[in-house]
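Report on the structure given below.
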Amino acid sequence: MPAPTSPRLVALDGLSQIIGEGRMLSDVISDPVWQDLTPPERATAQRLISETLRYLGRADHLLTPHLNRQPPLRVMNLLRMATVEFMTGGAAHGVVNEAVKLAGRTKKTAPMKGLVNAVLRKITAMEVAAWDAVPDTMLPKWLRPKLAKAWSKSVVAEIERAHAVPPPVDLSVKENAAGWAEKLGGMVLPTGSVRLTARGQVSALPGFESGEWWVQDAAAAMPVHLLGDVSGKRVLDICAAPGGKTMQLAAKGADVTALDISEARMVRLTENLTRTQLTAKTVVADALTYEDGLFDVILLDAPCSATGTIRRHPDLPYVKTQTGIDDLVKLQRALLTRAIGQIAPQGTLVYCTCSLLREEGEDQIKWLLAQSDEVEIKTPSAPGLDPNWISPEGGVRLRPDYWPELGGMDGFYMAILQRKGEAAPA
19 MPAPTSPRLV ALDGLSQIIG EGRMLSDVIS DPVWQDLTPP ERATAQRLIS ETLRYLGRAD
79 HLLTPHLNRQ PPLRVMNLLR MATVEFMTGG AAHGVVNEAV KLAGRTKKTA PMKGLVNAVL
139 RKITAMEVAA WDAVPDTMLP KWLRPKLAKA WSKSVVAEIE RAHAVPPPVD LSVKENAAGW
199 AEKLGGMVLP TGSVRLTARG QVSALPGFES GEWWVQDAAA AMPVHLLGDV SGKRVLDICA
259 APGGKTMQLA AKGADVTALD ISEARMVRLT ENLTRTQLTA KTVVADALTY EDGLFDVILL
319 DAPCSATGTI RRHPDLPYVK TQTGIDDLVK LQRALLTRAI GQIAPQGTLV YCTCSLLREE
379 GEDQIKWLLA QSDEVEIKTP SAPGLDPNWI SPEGGVRLRP DYWPELGGMD GFYMAILQRK
439 GEAAPA
């Protein structure tokens, strides 16, 4: 029988909490039971959860023909996890045996040991090659129609295909991207980020301890690239934690104020600044009431649905719902309105969200331009910016299905705006 804190047991508990209770994976892995695992065991448990969530639709497609009716959630999750583990390289005998042992651990699931054994033996008798022919996990029912309306059903299918590919690790480097790509065995992306081609413990790689780079998806790095030269400029980074964009700005020589409402998240930002030996003023405050004069540049990475990051966070479809989107839209508008008043004349505002929803991206900029005559949209320009990414209103729309040959990117929206008026004399 597996130990009380075996990775599979912890993973099964975590899966049931995410799918059954709507807990975020980041919350689940902070539970005390995870601390009883060794670092490799924690990595195994987290991988089992992430991969099961990523391929849950595929697993259900294979399992359904062998089930007269769906068993209780915990047993179904056990079958899903074992199916995914086998189809992604696990040994058939070990996968089946461990699953049967887990089923026998509780009075509620022990009577289903026979079912678990019988179903999984049928699954492990299948050709692993058939896995790639199984339909990808579909986006949530509330999200899929919205994206199909925004683009098309075929684009949605491409996004779902992108979500089925474990994302690579992207890095933003202080300088010499080509040199670090060579040293780390990665590649330089068209936009300047370094993409690693091998997986492993990031903190053990050269340059981590000395702070030469930090992990940041290439799409998340784009808003700062749109700003061009910010050296010597006074910049306010709103909703700054955990600090990827703050570090980009500081590395470019900006005088950065990093603002976030969460003290806990600001602790992480400060740790990142310390490791990278970069400097920024850090402020814990509400952006809707914070005042510190006018800024040359404001970067507003607004709170959003995070639907663009599903490829990195496969738990999101089981946690996020349509509920709360309207409140987020209202908050985004309030933050945009507030930010406009804090930009110096001829200053720049970049608005961005890691969302695939137009109401959190394109529609917000259309609303802002209709509401305010204080700002105008600027034509975006940055190294590697594909003209096809520029949306009709003048912003930049990034999607997970872009760069399929390179490993994709997160979904993001961004727009660069300029405040009208005469700049103050130098």
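Counting in our numbering, the sequence shown runs from 19 upward without gaps.
Just so you know, even glycine gets a beta-carbon here, dropped at the ideal spot from N, CA and C.
Quick caveat: nothing in here was measured; it's all calculated off a predicted structure.
- Between K164 and L375, the alpha-carbon positions lie close to 7 Å from each other.
- Scanning its chain for C-beta atoms nearer than 6 Å, with the 5 sequence neighbours on each side dropped, one finds around V113 the residues A100, E103 and F104, in chain order.
- In the DSSP assignment, F104 falls within the unbroken alpha helix (DSSP H) covering L91 to M105.
- In the displayed model, T127 falls within coil according to three-state DSSP, outside both helix and strand.
- Taking the Cα of T209 as reference, the smallest distance to any Cα among L291, H243 and V285 is reached at H243.
- In terms of Cβ geometry, Q360 and A320 do not form a close pair [threshold 8 Å].
- Annotation for A121: V93, L96, T127, A128, M130, K131 and V134 place their beta carbon closer than 7 Å to its own, counting only its chain and skipping 5 residues before and after.
- Taking C-alpha positions only, T371 is separated from P57 by approximately 33 Å.
- Measuring C-alpha to C-alpha distances from W169 to each of P422, F226 and R417 identifies R417 as the nearest.
- DSSP lists V414 as the bridge partner or partners of I408.
- Annotated three-state conformation of K299 is strand, per DSSP.
- In the DSSP assignment, P363 falls within the unbroken beta strand (DSSP E) covering I361 to T371.
- Ranking V146, E39, V248 and S409 by CA distance to the CA of T106 puts V146 first.
- Among the bridge pairs identified by DSSP, S190 is matched with W232.
- The C-beta separation of I358 from E392 comes to about 6 Å, placing the pair in contact by the 8 Å criterion.
- DSSP places M265 in the helix class (H, G or I) of the three-state scheme.
- Distance between T288 and T300, taken at the CA atoms: about 8 Å.
- Along the region 306 to 371, the alpha helix (DSSP H) occurs as fully enclosed runs of 4 or more residues at 343 to 358, listed in sequence order.
- Counting along the chain, A196 sits inside the alpha helix (DSSP H) bounded by residues A195 to L202.
- With contacts defined by Cβ atoms closer than 8 Å, V212 and G204 form a contacting pair.
- For D333, the number of other beta carbons within 10 angstroms of its own is at least 16, and it is reported as buried.
- Annotation: the continuous alpha helix (DSSP H) that includes A166 extends over R162 to A168.
- For the set A29, S409 and D188, the Cα lying nearest the Cα of L66 is the one of A29.
- Distance check between P410 and each of R330, M427 and M432 places M432 closest, using alpha-carbon atoms only.
- According to DSSP, residue pairing for E394 in a beta bridge involves Q436.
- Using a 10 angstroms sphere on the CB of D273, the tally of other CB atoms reaches 16 or more, which defines it as buried.
- As DSSP reads the structure, I256 sits in a beta bridge with L277 and L318.
- Here the region 315 to 330 does not lie against the region 38 to 45, with fewer than 3 beta-carbon pairs under 8 Å apart.
- Boundaries of the beta strand (DSSP E) around R213: V212 to L214.
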